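K.L.:
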Ligand code: SF4
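Chains as they are written, first to last, in this note's numbering: chain A, 42 to 592; chain B, 110 to 283.
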């Protein structure tokens, strides 16, 4: 966890004072909704279907127990007792009153949190690998870099009125857990013998109505020059990105229309102008940030824990949870614990205040005071001793957080859809719930194995349906809610955009269609082959035939 | 229209320019004139024999290299914001200062709001044209709102990292 210093605290406090003033002027009618919009957006306040909504930033998905307790407190006092984790490692509160927003922001500031730039045409919350600092497969912890970018992008004088929102993800692992190639800028830290440490840079990836996989425009940017390189990208985009049509304003359209090579060339030109001015301050800053990150004091343990082995042998339920929800930690004797927010039939990403408090306690006692939010709307206890896994599992059970389905069919990403969102064509949450119920039979869920189902309530694709092995898109057909099915997407290192199967289905039909598609996979799969691999081998035809018959 | 010097927080030393439209004869106008970029490109002789201050009116999306040929003759570049959400003008001002070393007045005109105040100053704007006195007051207030900034810019005040490391870069601002 990064600890704020007095400067970080001042930035947040001054922002709140500004927002409080604007809110009061809005409430007294001095400011119109239109005039207020700019200020509220900069502070993460949205106008939803039923009410204002507050989106709180969780930079690179990292929380400590105090922060999670505070989020629970906000859920309890200012909302209806729960919060909603999003696909950008943020949390949303759907029911606070506008007049309470400044107070909520004060509560957040008290634990070094804010809602700055979680809305509007600005650089949004920086996301990073949720296993950062815990996984063995990373070059280094990417979070200090993400924090450096967070500070640089906060209230940036030149880049706060961009053509459209701008999302940056950072990972330091070849195994991508951040959907790095579906970001406006995706950064992959890597290291090689000759050049040392630096970043691969992808630009122009994104989902939404025109999905693109990001293009690599640089194999290597030295760590010390990263901010300068990002500045070059942002300046090029700010000047040339389309402003005539909001649907064409993302950087992905600019990169697509001019070609990634030509875009990369412009960035290089601009970078060559900035580069001579780069001094040693960013490097010193990065060093300072690294020092202000609390690195856990790991114990010296044997990698095998006999108590754990015994518990697994005695309790098959526990064993199943360990094999589904726990991942390998870089330190012997530790594990990374995944916490599913996708209980069968629940609303994906929702969590009650009580569960937040209980999880915060577990994080404090058993995970070096760290909790993470994932972009798949789940949570993580990143540093748990293997010998504590059983107690932690018990604790999670008591909190209703021990659902054993991570990475499986019922671990669905879904956008809020018509139940909350003004732009929606169709409901998405009930579809997610119905599909999860269909896989509530665990034998079947285990048989199917790894499967990523993603649901969006409209073409804006907040549910990332293009990146799903199975993607579902809500459409409106003459006032009726319909759903299109697409297959073969991936948000991982082998990023791909799912392809539509054809004609859509109604709400019941889409659940059956998912079932049918899974059945075809089971019929065709080779030993050890997951859904995506099988789909890539056999192609869409067998699935289409099963769905629509052989015409 | 009211003018505000972003650095001195007054209008005392600012010049007012008369806008010359496409077919006005410059000679008919007295005092400082503001000429559109298109007109200047099409009719560069208007600058000949002029001893008075000349300003250029540029759209926020104007390519700064178009302005370069005239820079030495200009005492003002007025950057037009077509909509308050259109942030191209910030990059234009930044480029005029950094890439082209322009030291004259860069003035924000058009759809400028108090929310822009601090950002304008930091990207290299030196003055702003506002609709009325109330807007001037808002601007002054908002220029003082944020004492800490993370980014290096055309800024009179040090950044957070300079303060943290006790190091001054020597600012880009003139
Ligand atoms: S995908 Fe559409 S319906 Fe779903 S949250 Fe986004 S805008 Fe709303």
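Every residue, glycine too, gets a C-beta built ideally from N, C-alpha and C. Only a predicted model underlies this, so the values are computations on that prediction, with no experimental measurement involved.
Taking 7 Å as the CB-CB limit, is residue 189(B) close to chain D?
P.N.:
Looking for chain D here will not work: the only protein chains present are A and B.
K.L.:
Using 6 Å as the cut-off, classify the Cβ of residue 527(A) as near or not near the heavy atoms of the ligand SF4, replying yes or no.
P.N.:
Result no, Cβ not under 6 Å from the ligand SF4.
K.L.:
Just grab the DSSP bridge partners of residue 522(A) for me.
P.N.:
Paired residue(s): 517(A).
K.L.:
Compare the Cα-Cα distances from residue 277(A) to each of 214(A), 153(A) and 304(A) and report the closest residue.
P.N.:
Here the closest residue by C-alpha is 304(A).
K.L.:
Check whether the Cβ of residue 436(A) sits closer than 6 Å to any heavy atom of the ligand SF4, and report yes or no.
P.N.:
False, no ligand heavy atom lies under 6 Å from that Cβ.
K.L.:
Measuring CA to CA, which of 109(A), 59(A), 89(A) and 134(A) is closest to residue 96(A)?
P.N.:
Looking at the Cα atoms, 134(A) is the closest of the given residues.
K.L.:
Would you say residue 231(A) and residue 180(A) are within 7 Å of each other, going by their C-beta atoms?
P.N.:
Yes. Within cutoff.
K.L.:
Which residues in chain B sit within 9 Å of residue 370(A), going by Cβ to Cβ distance?
P.N.:
By Cβ distance, chain B contributes nothing, its closest Cβ being about 33 Å from residue 370(A), past 9 Å.
K.L.:
Of all the CB atoms in chain A, is at least one closer than 7 Å to the CB of residue 221(B)?
P.N.:
Answer no: the Cβ-Cβ gap between residue 221(B) and chain A never drops below 7 Å.
K.L.:
With a CB to CB cut of under 6 Å and the five nearest residues on each side skipped, what residues in its chain are close to residue 281(B)?
P.N.:
Its pLDDT being 46, under 50, residue 281(B) is placed unreliably in this model, and the coordinates cannot settle the point.
K.L.:
For the region 294 to 321 of chain A, which residues have a beta carbon sitting closer than 8 Å to at least one beta carbon of chain B?
P.N.:
So the list reads 314 and 320, given in the order they occur along the chain.
K.L.:
Helix, strand or coil: which one does DSSP assign to residue 152(A)?
P.N.:
Of the three classes helix, strand and coil, the one that applies to residue 152(A) here is coil, per DSSP.
K.L.:
Could you tell me if the beta carbon of residue 539(A) falls within a distance shorter than 6 Å of some heavy atom in the ligand SF4?
P.N.:
Every heavy atom of the ligand SF4 is 6 Å or more from the Cβ of residue 539(A), so no.
K.L.:
Flag residue 226(B) as yes if its beta-carbon sits less than 7 Å from any beta-carbon of chain A, otherwise no.
P.N.:
Chain A, which has no Cβ nearer than 7 Å to the Cβ of residue 226(B), makes this no.
K.L.:
Under a CB-based cut-off of 7 Å, is residue 48(A) close to chain B?
P.N.:
Yes - at least one Cβ of chain B is within 7 Å of the one on residue 48(A).
K.L.:
Is residue 275(B) close to chain A, meaning its C-beta is less than 7 Å from at least one C-beta of that chain?
P.N.:
Cβ-Cβ to chain A under 7 Å: no for residue 275(B).
K.L.:
Under the rule that 16 or more other beta-carbon atoms within 10 Å means buried, what is residue 282(A), buried or exposed?
P.N.:
With 16 or more other Cβ atoms within 10 Å, it is buried.
K.L.:
Suppose contacts are defined by Cβ-Cβ distances below 7 Å. Is residue 269(A) in contact with residue 211(A) by that definition?
P.N.:
No.
K.L.:
What does the Cβ neighbour count give for residue 200(B), buried or exposed, with the cut at 16 atoms within 10 Å?
P.N.:
Buried, because 16 or more other Cβ atoms sit within 10 Å of the Cβ of residue 200(B).
K.L.:
Take the Cβ of residue 288(A) as the centre, count every other Cβ of all protein chains shown within 10 Å, and call the residue buried at 16 or more, exposed below.
P.N.:
Exposed: under 16 other Cβ atoms inside 10 Å.
K.L.:
Show which residues of chain B have a CB atom less than 7 Å away from the CB atom of residue 82(A).
P.N.:
The premise fails here: residue 82(A) is roughly 10 Å from chain B at the closest Cβ pair, so nothing lies under 7 Å.
K.L.:
Three-state secondary structure (DSSP) at residue 212(A)?
P.N.:
Reduced to three states, the DSSP call for residue 212(A) is strand.
K.L.:
In terms of residues, what are the limits of the alpha helix (DSSP H) holding residue 83(A)?
P.N.:
Segment 74 to 83, the alpha helix (DSSP H) holding residue 83(A).
K.L.:
So which residues on chain B does residue 364(A) lean against when the C-beta distance must stay under 8 Å?
P.N.:
Going along chain B, no residue has its Cβ under 8 Å from residue 364(A), so there is no contact; the nearest lies around 44 Å.
K.L.:
Specify the secondary structure class of residue 137(A) as computed by DSSP and reduced to three states.
P.N.:
Looking at residue 137(A) - three-state DSSP - the assignment turns out to be coil, as it is neither helix nor strand.
K.L.:
Can you tell me which of the three DSSP states residue 128(A) falls into?
P.N.:
If DSSP states are grouped into helix, strand and coil, residue 128(A) belongs with coil.
K.L.:
Using only CA atoms, which one of 256(A), 165(A) and 422(A) lies nearest to residue 84(A)?
P.N.:
Closest by alpha carbon: 165(A).
K.L.:
Can you tell me whether residue 473(A) sits near the ligand SF4, meaning its C-beta is under 6 Å from at least one heavy atom of the ligand?
P.N.:
Residue 473(A): no, Cβ never under 6 Å from the ligand SF4.
K.L.:
Label residue 520(A) either buried or exposed according to how many other C-beta atoms from any shown protein chain fall within 10 Å of its C-beta, with 16 as the threshold for buried.
P.N.:
So residue 520(A) counts as exposed.
K.L.:
Check the Cβ-Cβ distances between residue 244(A) and every residue of chain B, and say whether any is below 7 Å.
P.N.:
No, no contact with chain B.
K.L.:
Give me, in chain order, the residues of the same chain whose beta-carbon lies closer than 6 Å to that of residue 208(B); leave out the 5 immediate sequence neighbours on both sides.
P.N.:
There are no such residues.
K.L.:
Is the region 407 to 421 of chain A close to the region 479 to 490 of chain A, with three or more CB pairs under 8 Å?
P.N.:
No, the region 407 to 421 of chain A does not touch the region 479 to 490 of chain A.
K.L.:
Rounded to the nearest angstrom, how far is the Cβ of residue 164(B) from that of residue 206(B), given a contact under 8 Å?
P.N.:
At roughly 16 Å, the Cβ-Cβ gap does not stay under 8 Å, so residue 164(B) and residue 206(B) are not in contact.
K.L.:
Check whether the Cβ of residue 199(B) lies closer than 7 Å to any Cβ atom in chain A.
P.N.:
Residue 199(B) counts as touching chain A.
K.L.:
Tell me which same chain residues have a C-beta within less than 6 Å of the C-beta of residue 118(B), skipping the five on either side of it?
P.N.:
These residues qualify, in order along the chain: 249.
K.L.:
I think residue 526(A) touches residue 551(A), with their Cβ atoms under 8 Å apart; what is that distance to the nearest whole Å?
P.N.:
Right, the Cβ-Cβ distance comes to about 7 Å (below 8 Å), so this counts as a contact.
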